[in-house]
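Structure first, commentary second.
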């Protein structure tokens, strides 16, 4: 099915989490007749089991929809994107493949933090933005006020707002007309040399790697030889096509179209997101700028609870990393937990989702160490190091300057909760940068806060203190010096590497005492007493003692001389001393999990 470039419209839907992107995508599929009523199910494009279970979009999905408008058939290519701040990287990749964006805002909740972030990202990509107010069927909907909020914060014209209800389908036909009328057609020339952008990929057990592309110019046909410029590899196109929403084979894809290629690529390492697909030979098209590399914000160790599953875990991580290029891993060893991997994630939700996918899709039982962020250290000899795990922090005597990552947080809250949010941000060592009102009774607070204070539970705490009305969005600013230290946990005199954390010196005493207390309750009693200590460098700041189990050795002495009892007790004491010198303390998996899960308590 060849379509003229002028009749193609590429667009994505961007919005804050839970504003109805996936539901609107369902209505568009239904309205254009891409999916029959019989095949329709809610959140059709969210095909990962986890997406359906949690009701959120994790992966961006592309789908081509035919639409008749004024006697002409148009091809609308929709790229459905996630809304959570952790998956901002998926959104940025989708924006690069589109000419327009539907900026979706809830008619009751109004403009939220992520709405602003996504709108500014779309403006940076020079996209045509169509403001859409969704959920107008709600009893408490306030579309006029929301249109005004959008004008104040984003500069959109209230008359341009398209009002729809994705749930009931009201206004969706008008939205499709607006897409055709307002979003420009792609600018590529189908006759030019092939140049296509790889914006995603996934792995099929039967077909190998499936590469998602947006053709910028030229035409790609089945059976043609192509090359990936960055990977430097050549392949033959076995099959190509579009998603509608299942894979549908086509003879060719021309400039402006979005679709997939299957090239018998067995190794997932051959497909790079952001790569350029072009013709083989010297006359190939220039490479496209691609994408910035995703910045991993959070690191943690993943270890199989059974050491035999190490290779299974490695294979599962490799499979996941090809479908999700924003996640990385490398092998590491821990004295306490054995062999495992150090993994980097975009945020805490991303980490949780990868962990759940590993457990569900690969059936591996995991132990996860406490999440931590990347720090920057300048040593006295002038060298600068990036620290991804607390064990790598050098001794305090070698450190010239310890720097932590700082993020700019935008929090949008109803005005009655401003005081609670300011107090919360100050407790997290935040520095206020700005405060402005964006509409009736709603304000946006801007703070610079250390990332380590944000990732654990700032989002949950903001939701709690604003009764669910506050929203948070953050972006990396840079590194700033701070008074940080490495807090070590020692059991029976030896350091347990998996429990080390980097924290602010003022918090070290509190956290050290909390972990020591927790470990004392969890470590089983041994035949000798076990000391649990928290230390900074060589200075011990907290200690708890797990008492020894004692056998009553004097039970068989009835009466008689007291020296006999003393002799037996002395003998037991020496035995315990010898046992302590050569005995090993077994720390159960449960004890590790208890401490790691409450690392911030």
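In our numbering, the protein residues as written are 162 to 762. By construction, the Cβ of each residue, glycine as well, lies at the ideal position given by its N, Cα and C atoms. Treat the numbers as computed from the prediction; the structure is a model and nothing was measured.
Outcome for residue i when other beta-carbon atoms lying within 10 angstroms are tallied against a minimum of 16
i	result
residue 724	exposed
residue 301	exposed
residue 213	Bear in mind that the predicted position of residue 213 carries a pLDDT of just 48, short of 50, making it unreliable; the figure below should be weighed with that in mind. Exposed is the call here.
residue 550	buried
residue 348	exposed
residue 361	buried
residue 173	buried
residue 334	exposed
residue 730	exposed
residue 540	exposed
residue 593	exposed
residue 713	exposed
residue 207	The predicted position of residue 207 is uncertain, since its pLDDT is 46 and thus under 50; a value taken from the coordinates is nonetheless stated next. Answer is buried; the Cβ neighbour count reaches 16.
residue 783	Outside the shown range of the chain, which is 162 to 762, sits residue 783, and nothing can be said about it.
residue 508	buried
residue 367	exposed
residue 706	exposed
residue 518	buried
residue 304	buried
residue 655	exposed
Residues sharing a beta bridge with residue i, DSSP
i	result
residue 361	373
residue 570	608, 635
residue 732	Answer is none; residue 732 lacks a bridge partner.
residue 649	696
residue 495	499
residue 173	240, 262
residue 575	603
residue 229	234
residue 688	Paired residue(s): none; residue 688 is not in a bridge.
residue 629	Answer is none; residue 629 lacks a bridge partner.
Endpoints, the alpha helix (DSSP H) within which residue i is located
i	result
residue 625	619-626
residue 511	509-522
residue 585	579-588
residue 402	Here residue 402 belongs to no alpha helix (DSSP H); instead the beta strand (DSSP E) covers 400-404.
residue 335	333-343
Span of the beta strand (DSSP E) around residue i
i	result
residue 665	662-665
residue 190	That residue, residue 190, is in no beta strand (DSSP E); its alpha helix (DSSP H) goes 182-192.
residue 459	459-465
residue 388	386-389
residue 269	No beta strand (DSSP E) holds residue 269; DSSP gives it neither H nor E.
residue 314	Note, residue 314: premise wrong, no beta strand (DSSP E); alpha helix (DSSP H) at 304-315.
residue 396	394-397
residue 529	527-529
residue 139	A query on residue 139 cannot be resolved here, the shown segment of the chain reaching from 162 to 762 and no further.
residue 422	419-423
residue 710	Residue 710 -> no beta strand (DSSP E), and no H or E assigned at all.
residue 447	Where residue 447 is concerned, there is no enclosing beta strand (DSSP E), given that its DSSP letter is neither H nor E.
Through-space distance from residue j to residue i, alpha-carbon basis
i	j	result
residue 673	residue 680	11 Å
residue 651	residue 588	29 Å
residue 425	residue 460	34 Å
residue 664	residue 625	24 Å
residue 448	residue 375	14 Å
residue 422	residue 406	15 Å
residue 482	residue 685	38 Å
residue 504	residue 552	15 Å
residue 630	residue 682	38 Å
residue 263	residue 165	23 Å
residue 649	residue 657	7 Å
residue 441	residue 357	13 Å
residue 688	residue 710	5 Å
residue 294	residue 346	24 Å
residue 194	residue 618	43 Å
residue 646	residue 498	23 Å
residue 475	residue 400	30 Å
residue 564	residue 330	51 Å
residue 354	residue 556	57 Å
residue 176	residue 544	43 Å
residue 289	residue 261	4 Å
residue 439	residue 409	22 Å
residue 255	residue 223	9 Å
residue 472	residue 190	42 Å
How do the region 303-312 and the region 269-281 stand: do at least 3 beta-carbon pairs fall below 8 Å, yes or no?
yes
Touching or not, the region 578-593 and the region 692-700, by the rule of three or more beta carbon pairs under 8 Å?
no
Quick test of the definition: if touching needs 3 or more C-beta pairs under 8 Å, does the region 643-663 touch the region 529-539?
yes
Tell me, please, whether the region 334-346 touches the region 225-237 by the rule of three or more beta-carbon pairs shorter than 8 Å.
yes
Contact between the region 317-329 and the region 275-294 (3+ Cβ pairs under 8 Å)
yes
With three or more beta-carbon pairs closer than 8 Å as the criterion, would you say the region 277-285 touches the region 183-192?
no
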